[in-house]
Structure formats: C-alpha cells, structure tokens
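What follows is a set of notes on a single structure, which appears directly below.
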Amino acid sequence: MHRFANPARFMRVSTIVLPWVAIVTALVMVAGLVLGFRAPPDYQQGDTVKIMFIHVPAAWMSLFCYSSLAISSAIALIWRHPLAEIAAQQSAPLGAGFTAVCLITGSLWGAPMWGTWWVWDARLTSELVLFFLYLGYIALANAFDDPNRGVRAASVLALVGWINVPIIKFSVDWWNTIHQPASVIRMDGPKIASSILIPLLIMAIAFTLLFVVQLVVLMRAALIERKIRALRQLAAESASTEYGLAGTEASA
Amino acid sequence: MSDFFAMGGYAAYVWPAYAVAVIILGGLTLNAVLRYRAAVRELDTLQARRPGGSR
C-alpha cells in the first residue's frame, strides 16, 4: 500500500486508471437510475421511495467520506504523509456535498411522509452536526497563513468529530426518533424487497465510485498546485539572489 | 409518459430531490475538473517560461 502513497507514483497510476474508473462510474450510475425508476412504488410510501435511491446512498457516503477524512487525518498527523494530508483536505468538501444532498432529499421525503420538513430528533440533528463538522474542518484548514498548521489543527478536529459517526449510525436504536430504523445494514440481513434493494445498492456503488473520481481529480489538482507554489517560490528566490537583495545559496 | 413525470402525485418532492443531487454532486465534479485544468494550464505556462523545467 505504501508504494502507491508516493505523490509521483500516484500521478502516474491515476493518469492511467482515472478515465476507466470515470467511465465505469457513469455506467453504474445510469444502471442504478434506470433500475430505480423502473422499481414499483412502495405499498405505503408510493413513488416517494424514488427519493431513497439518492437519500440513502448520500447518507452512507456522508459517513464514509467522514471516516476517510478522519483516517487520512490520522495518517497525516502520525506519519506526516503529504499525500494523506492532501487526501484529507480534498475529501472534506465532497463529504459536505453528500451530507447536504442527504439532508435536503431527506427533508423532501419527510414533508409528504412524516408531514414535516424537519424535526430536531437524534438522527436528523446528528447528521446536521456532521455537516457542520465538515464546514468546521474546511474553515479551520484555511484559517492559518501557514497551510500546514491549518491542516494539522483541522486534522485534530476531524479525529475528535469521528465520535459522531457511530452516534449517527445507532441514533435510530438509542433514541426515540421519527426516522425509520436501519433496513439494509442490520444483523439479520436486509429487510427490503429486492426490486428496491438492488437499485439502492447499485446507486451506493455509483456514489462511492463518484467520490473516488472526484477525490482523485482534486488530489491531482492539489499536487499540481503545490508544484506551482514551489516553482513560484524558487523563481522568486533566484530573482532576489540575482539582484543581490536577499538570500544566498546556503540559506536557500 | 406523463404518469412517469407525475410520480404517483409526488412529483413536487421526487424531482426537486433529484435536481438537488444533480446540482450539488454535478457541481462538485465540474469544480474538480475545472480546478484541475486550470492548474495544468498554469503549470504549463510557468514551465514554458523556465526552460529546462520538466513536469
């Protein structure tokens, strides 16, 4: 695994793999949508179950992205690995996006089925807290003049905030809530008709692949931007030595 | 076909949900691609100015 964690190798491997992953992502997404829209309406919820095909995968992704953010932050803090730092920083806005999709589609589903757009119950509130954790991470990572210090402070926030992930997952069991309990990831197996379960799982795979594609593109961009900063600094330093303003070869 | 768009009377909830997903997830994807392209272009112009630099 560590062999792939070298920035230069990451650029080389991702150049070859990325287009294929992008194509597979699009195909899986189309398959999930086609199957989803052809699924029969639920006997209780009618056609609002169509919202589930984006709401539930987005909710899973909100937790998945946060876990990948926390794990990369831990690696960045412990081993100071540059690629882990970039992975953490770039997965934050993507996780915030999935969380926003989860919250908004949930609200659009709750309005007709629960008779309310929002309630301050355990599941909804903890998911909203997750959204603010993402925003807090992004704000903190960009709050310092020295980007390294900012990312390090934000990494600590990401790790502390990880406690929220199991709280969200088990909130429907621990507290009385309007939100329905888990129906897919449970000890005794899924409790959904396969006509709905299959498109749901395909959409979950599609969302995961989409996250991977977005993250790899953002990490490539961040690595190139880092190189640009280094080149700029080098150019500035050599210009100042040329004019004899500051710095010697020894100090550079 | 109009049955499909009516979504069993829930069109006002189903279609906005899909629109939000397309806007947010599509927007993030587009932003990533544009940022990557801008970075590649900027690096190319920087390196064109400094002969001998390689990517």
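Going line by line, the protein sequences match chains A and B. For the record, in the first sequence the residue sitting at position 94 is 94 according to my numbering, with numbers rising by one throughout. Count along the second sequence from 1, then add 1000; that gives the number in my numbering. Where is the CB? At the ideal position from N, CA and C, for every residue including glycine.
State the Cα-Cα distance for the pair glycine 106 of chain A and alanine 139 of chain A, rounded to the nearest angstrom.
26 Å
Handout entry: Below-8 Å beta-carbon distance, alanine 1017 of chain B vs any chain A residue
Key = yes
Which residue wins for smallest C-alpha separation from alanine 96 of chain A, given the options B:Leu1025, B:Phe1005, B:Leu1034 and B:Ala1012?
B:Leu1025
**Request:** Using beta-carbon positions only, say whether valine 1020 of chain B and isoleucine 104 of chain A come within less than 8 Å of one another.
**Result:** yes
- Buried or exposed (CB count within 10 angstroms, at least 16 for buried), threonine 263 of chain A: The question about residue 263 of chain A has no answer, for chain A in this structure spans 1 to 252.
Taking only three categories from DSSP, how would you classify glycine 115 of chain A? coil
**Message:** Please confirm whether threonine 208 of chain A has its beta-carbon closer than 8 Å to some beta-carbon of chain B.
**Reply:** no
- Can you tell me whether phenylalanine 1004 of chain B is buried or exposed, with buried defined as 16 or more other CB within 10 angstroms of its CB? exposed
Problem set entry | chain B within 8 Å of valine 184 of chain A, Cβ atoms only | no
Q) What is the C-beta distance between proline 7 of chain A and leucine 223 of chain A, in whole angstroms, given that I count them as a contact (C-beta under 8 Å)? A) 6 Å
(Q) Taking 7 Å as the limit between beta carbons, can you name the residues of its chain near alanine 1011 of chain B, skipping five residues before and five after? (A) Phe1005
- If you measure from the CB of phenylalanine 64 of chain A, is any heavy atom of the ligand SAM nearer than 7 Å? With respect to the ligand SAM, the structure offers nothing, as it holds no ligand at all.
#### Entry: Three-pair Cβ contact test at 8 Å for the segment 142-162 of chain A versus the segment 174-194 of chain A
no
Nearest-angstrom Cα separation, counted from arginine 123 of chain A out to tryptophan 175 of chain A = 9 Å
Practice task
Check whether the segment 54-71 of chain A touches the segment 197-209 of chain A, counting contact only when three or more Cβ pairs, one atom from each stretch, lie closer than 8 Å.
Solution key: yes
Indicate the three-state DSSP secondary structure (helix, strand or coil) for alanine 1019 of chain B in the structure shown.
helix
Could you tell me which chain A residues have their CB closer than 8 Å to the CB of leucine 1028 of chain B, listed as they occur along the chain? Pro93, Leu94, Gly97 and Gln214
| message | Below 8 Å, how does it come out for the segment 159-174 of chain A and the segment 117-132 of chain A: are there three or more Cβ pairs, yes or no? | response | yes
Assigned secondary structure, glycine 1027 of chain B (DSSP; H/G/I helix, E/B strand, else coil): helix
Point to revise | Through-space distance from glycine 1009 of chain B to glutamine 214 of chain A, alpha-carbon basis | key: 35 Å
May I have the straight-line CA-CA distance separating tryptophan 60 of chain A from alanine 1048 of chain B, to the nearest angstrom? 45 Å
* Beta-bridge pairing of glycine 161 of chain A - partner residues as DSSP gives them -> DSSP lists no partner for glycine 161 of chain A.
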